[in-house]
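Down below is the structure, laid out as structure tokens.
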Amino acid sequence: MRKFQVFVSSTFLDLKDERQAVSQNILELNHIPVGMEFFGAADREQMEFIKDEIRNSDYYVLIIGGKYGSIDAITGKSYTQLEYEYANDIGIPILVFLRRDRHSLPADQRDVDGTKISALDKFIDAASGANRIRDEWENLSELVTKSGNALNKEMNRTSSKAIGWVRADKATGLDAREKIFQLEQELEELKNNKDPLLGANDDPQSLYDAVTQSIARIQDSDTNDLERSKLRSAALRYLNKIVDLSLMGEVPANLAFNSGINASRLDMEVLALKLFTLAYYSQPLPSHRLATLHKQAETGSLYEVVEKDGGKILRKSTEQPGEVSQKALSEALFLAANATVPQCEIAYSQAWNISQQLRELEAVEQLLAVLAASKSVRASSSQPDWLPMTVDEIGEFVGFDWGRQTGRIIPAYLVGKMADCVAFLSFVGWRNVFLDLVEEALALHATESPMATWASNFRSGLLQTAYRTNLINEVEQLISVHLGEGLNDFLRPTKVPPL
């Protein structure tokens, strides 16, 4: 019996549960799901790899919610739309499932920017073409049922035209046997030849350098799809070797950490988690721990280094993904509460990233409460009355010693991240609160060095939020008042503040 490959496409974080449920149902239907869980959120760097997966698929399922998705800077279209357009261009059957009443979804599940709303509407019109299966869904159960029924119907109608997959021992045709022979030959060549990027060396630094070279070649526009696929496979082998050597104590912590960053660049998130875990085990720095927590929240997995048979192994925890992610957030919030300059940027940024991974308003409310408490203690002032939640409502912070924050400076980045939280939550009256925080952050930033480690991220992050919320004119005016700069100078600071 043939198994058909089904590519499941949607925006990344807001429809993660829906995508996983549909993929699981496809498995239960005895077919092969392919989608973002295999390579992470789309970006231009990996679009060619995604196209290759779509090209190898027999059917394409598109799930649309309330968000248009991340935008490709060159085309101005979302990566989800680019995936759909490619599937449409090559002519594979497309099934579209649209969230009913998407305009009434909670603020964190829909676009609020007018430009993105309009783009999503146009995308839906284009995807709802004639002679195409299109249905609406309101909850997870309805989506799974409707997508499963629709796939069965479409497969019954078009299976004679689809290629599908069969066991090698059932593929009796000459072409299949030739392909098997070719693959066997390639496997033998791999066994008999060292990886070309490594030469004769197999030490940790050479492995790391090989991964870095692989990434550079994958990103090179002259590299074809087949070469990219081989380079990704090679990089995977190198990174797994670094994991093995790390467990043997032969890899410096910073090299394991940087290898984790490379794994993330390749969207190998579980492998990145393993490498960050090993880096922290070798050298327990806050930056190593925060990167580990971020990947725990992103993957819903947790690994521990344990002794076994005289050596060390990575053991995966049996905790549920939701529990792992919530614990990661709690620990990240503690690290953020204790952050000092210049580590504050890393702590606040990773706590923010983790709160976004959880896709829950309460997670952002908790981060905002911790930042506000830290700020009020440092400034010896009372907390604002507009907070949706205070730290007193976070059980893990009962009895927390905030006195350690007394007298510490308040970096602009702390207040700027509070502004990000407020814009994300969009509670009643949030615009005035957001602009007040931006003004306070800019006043603080006027006394900081524009070359400080956190300055660039503070400036670019502030403008991104301002554009997203359509408050760029107001923010531009505040920048001019407090820094005497236009937007271009603000992004590329050269001035040194007065002593």
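Start counting the sequence shown at 10; every next residue gets the next number (my numbering). Beta carbons: idealized from backbone N, C-alpha and C, even for Gly.
Around the Cβ of isoleucine 59, are there at least 16 other Cβ atoms within 10 angstroms (buried) or fewer (exposed)? buried
Chain-order list of residues whose beta-carbon lies under 6 Å from that of threonine 474 (same chain, five-residue window excluded): Asp429 and Ala432
With respect to the beta strand (DSSP E) encompassing lysine 325, which residues constitute its N-terminal and C-terminal limits? 320–325
Exposed or buried, what is glycine 425 when buried is set at 16 or more other beta-carbons lying within 10 Å of its beta-carbon? buried
Quick one: grab the DSSP three-state call for leucine 207. Because leucine 207 carries a pLDDT of 47, less than 50, the predicted location of this residue cannot be relied on, and the following value inherits that uncertainty. Three-state DSSP puts leucine 207 in coil, outside helix and strand.
Please tell me whether serine 383 and alanine 346 are closer than 9 Å, where the distance is taken between their beta carbons. yes
Please specify which runs of the beta strand (DSSP E), each continuous and at least 3 residues long, are wholly inside the region 127–167, giving them in chain order. 142–146
With distances taken between CB atoms, is the gap from alanine 136 to tyrosine 68 smaller than 9 Å? no
Tyrosine 247, buried or exposed, once every other Cβ within 10 Å from all chains shown has been counted against 16: buried
Please give the ranges of any alpha helix (DSSP H) in the region 325–359, keeping only runs that are unbroken, at least 4 residues long and fully inside the region. 330–346
Contact defined as beta carbons within less than 8 Å: I believe serine 385 pairs with asparagine 466. What is the distance between those atoms, to the nearest angstrom? Actually they do not touch by this definition, with Cβ atoms about 23 Å apart.
Under 8 Å: do the region 111–122 and the region 158–176 share three or more Cβ pairs, one atom per stretch? no
Report back the beta-carbon spacing between serine 296 and leucine 284 to the nearest angstrom; my notes put them in contact at under 8 Å. Rounded, the Cβ-Cβ distance is 13 Å, inconsistent with contact.
Give the list of continuous alpha helix (DSSP H) stretches no shorter than 4 residues that lie fully inside the region 234–301. 234–256, 262–274 and 278–291
Measure the Cβ-Cβ separation of threonine 369 and proline 397 and say whether it is below 9 Å. At residue 369 the sequence reads glutamate, which differs from the threonine that was named. For glutamate 369 and proline 397, no; Cβs fall outside 9 Å.
What residue ranges within the region 457–491 form continuous alpha helix (DSSP H) runs of no fewer than 4 residues, ordered along the chain? 464–477
With a CB to CB cut of under 8 Å and the five nearest residues on each side skipped, what residues in its chain are close to alanine 388? Ile419
Going by CA-CA distance only, name the one from Leu235, Lys155 and Ile227 that's closest to aspartate 61. Leu235
Residues near proline 507 by beta carbon distance below 7 Å, same chain, minus five either side: A caution first: proline 507 carries a pLDDT of 40, below 50, which makes its placement in the model unreliable, though a value can still be read off. Excluding sequence neighbours, proline 507 sits near nothing in its chain.
Best match in Lys250, Asp211, Ser242 and Leu275 for proximity to glutamine 228 [C-alpha to C-alpha]: Leu275
From the DSSP output, in three-state form, read off glutamate 369 for me. coil
For leucine 311, which of helix, strand or coil comes out of DSSP? coil
Contact between the region 299–307 and the region 331–338 is defined here as three or more beta-carbon pairs at a separation below 8 Å; is this criterion met? yes
Restricting to Cα atoms, I'd like to know which of Asn148, Met164, Gly75 and Ser238 is closest to serine 127. Gly75
To the nearest angstrom, how far is it from the Cα of leucine 183 to the Cα of leucine 311? Confidence is the limiting factor: at leucine 183 the pLDDT is only 42, short of 50, which leaves the residue's position unreliable and the question unanswerable from this model.
Count the other C-beta atoms from every protein chain shown that fall within 10 angstroms of the C-beta of histidine 40, then say buried if there are 16 or more, exposed otherwise. buried
Report the three-state DSSP secondary structure of isoleucine 73 (helix, strand or coil). strand
Just confirm the distance between the C-beta atoms of arginine 298 and glycine 173, as a whole number of angstroms; I'd bet it's less than 8 Å. That pair is no contact at about 46 Å.
Distance check for serine 469 and serine 458, CA to CA, integer angstroms please. 15 Å
Rounded C-alpha distance that separates tyrosine 290 from phenylalanine 266: 11 Å
Any chance the region 138–155 sits against the region 16–30, with 3 or more Cβ pairs inside 8 Å? yes
Three-state secondary structure assigned by DSSP to tryptophan 174: strand
Hey, glutamate 316 and serine 326 are a contact pair by Cβ (cut 8 Å); roughly how many whole angstroms apart? Actually they are not in contact, since the Cβ atoms of glutamate 316 and serine 326 sit about 16 Å apart, beyond 8 Å.
Once you ignore the five residues that flank glutamine 392 on each side, which residues in its own chain have a CB closer than 8 Å to its CB? Ala381, Ala382, Ser385 and Thr399
Buried versus exposed, by CB contacts within 10 Å (16 or more), threonine 503: Any reading at threonine 503 must be qualified, since the residue scores a pLDDT of 48, below 50, and its modelled position is unreliable; the value itself is stated next. Exposed, by the Cβ-count rule.
Contacts around leucine 107, its chain only, beta-carbon distance under 6 Å, and the 5 residues preceding and following it disregarded: Ile73 and Glu145
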